[in-house]
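J.: Once you've had a glance at the structure underneath, I'll fire off some questions.
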Amino acid sequence: MIFSSSGVNGIVFVIAKSVLRFFFSSTTFDMENLDSRPGDTTFVAVVAGATGATGRWIVCELVNNPSCKSVIALSRSDIESPGDVFPSADPELVKCKLIVKKLDFNLLKERGEFTETYNPGPKVAFCALGSAPFSEDSDFVTPVAFGRACKAAGVESMFLVSAQGARAGSWIKYSDTIGRREDAFKALDFRRLGIYRSGMMDRQEKTRTKELIRHILPSFLVLSTKDIARVMVESAIRMKDGTFAFSHSEIKQIAASLY
Numbered sequence: 031m032i033f034s035s036s037g038v039n040g041i042v043f044v045i046a047k048s049v050l051r052f053f054f055s056s057t058t059f060d061m062e063n064l065d066s067r068p069g070d071t072t073f074v075a076v077v078a079g080a081t082g083a084t085g086r087w088i089v090c091e092l093v094n095n096p097s098c099k100s101v102i103a104l105s106r107s108d109i110e111s112p113g114d115v116f117p118s119a120d121p122e123l124v125k126c127k128l129i130v131k132k133l134d135f136n137l138l139k140e141r142g143e144f145t146e147t148y149n150p151g152p153k154v155a156f157c158a159l160g161s162a163p164f165s166e167d168s169d170f171v172t173p174v175a176f177g178r179a180c181k182a183a184g185v186e187s188m189f190l191v192s193a194q195g196a197r198a199g200s201w202i203k204y205s206d207t208i209g210r211r212e213d214a215f216k217a218l219d220f221r222r223l224g225i226y227r228s229g230m231m232d233r234q235e236k237t238r239t240k241e242l243i244r245h246i247l248p249s250f251l252v253l254s255t256k257d258i259a260r261v262m263v264e265s266a267i268r269m270k271d272g273t274f275a276f277s278h279s280e281i282k283q284i285a286a287s288l289y
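This note's numbering applies: residue 31 is where the sequence shown begins, and numbers increase by one.
The structure is reproduced here in structure tokens:
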């Protein structure tokens, strides 16, 4: 069968549209699952991956948000200058709200619980752990160990950085790993679980080599880690009970509404 150039272009358009719909649509999240106004309750939060491309902005958003009483930032190493690591956090609020804790993640994996008691204990947690290149340990074992430790410590709400296309059993190894991670967090049965499936990220100065292509992509295909963090913290304040997945486009739409 011979196709004309216009016919080929039409086929390409349909395929491209289908791919975009697959990656950037969601059937599990409804805007009605966000309360129209923030609640009156305040909370203590714990953040794993606190110095990473998304985690550092989560910490900044929490420090600056009056709904958060204090932030426990977990790190593999000491943070000598919080102002450099968390650049948009209010310096005065950092002094009274930010608690930096060096955590031995290997010990966390062995024990399945935190090695010290946090007082007051966190009721909200954010998991922004990951690595480049990805690995089973950094992208599955360690994050799941953190999730289990949070559950054991009485955390009720968990907000998890994920990725578009995440699906256990996928022939793409990364998607399979991240999909299994999502399933493991779901199995922990948190009262609230938010999952954030972003596509191409703008990590600012932490951009990975493969992500340099973002400079030539349409803006709607790229999500800033700052926006992801902002939506995750907004979810901690407004999300209703249940498990909800946020697609790339939904994160972008919600982030735009917050400016």
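A virtual CB, placed ideally from N, CA and C, is assigned to each residue, including glycine.
Leaving out five residues on either side along the sequence, give the residues of the same chain with a beta carbon under 7 Å from the beta carbon of Phe-170.
T.: Thr-207, Arg-210 and Arg-211
J.: May I ask you to report which of helix, strand or coil DSSP gives Ile-102?
T.: strand
J.: Sorted by chain position, which residues of the same chain lie with C-beta nearer than 6 Å to Ala-286's C-beta, five sequence neighbours on each side aside?
T.: Take Ala-286, set aside five residues on each side of it, and no residue of its chain has a beta-carbon closer than 6 Å to its own.
J.: Between Val-124 and Ser-97, what straight-line distance do the alpha-carbon atoms span, to the nearest angstrom?
T.: 15 Å
J.: Do Leu-138 and Leu-190 have their CB atoms nearer than 8 Å?
T.: No. Outside cutoff.
J.: Report the rounded CA-to-CA distance for Asp-134 versus Ala-193, giving the unit in angstroms.
T.: 26 Å
J.: Please classify Asp-114 as buried or exposed, where buried requires at least 16 neighbouring CB atoms within 10 angstroms.
T.: Exposed, because fewer than 16 other Cβ atoms sit within 10 Å of the Cβ of Asp-114.
J.: Quick one: Cα of Ile-129 to Cα of Gly-85, how far?
T.: 14 Å
J.: Applying the criterion that 16 or more other CB atoms from any shown protein chain within 10 Å of the CB defines a buried residue, is Thr-255 buried or exposed?
T.: Its Cβ being crowded by 16 or more others within 10 Å, Thr-255 is buried.
J.: Is Leu-138 helix, strand or coil when you go by DSSP?
T.: helix
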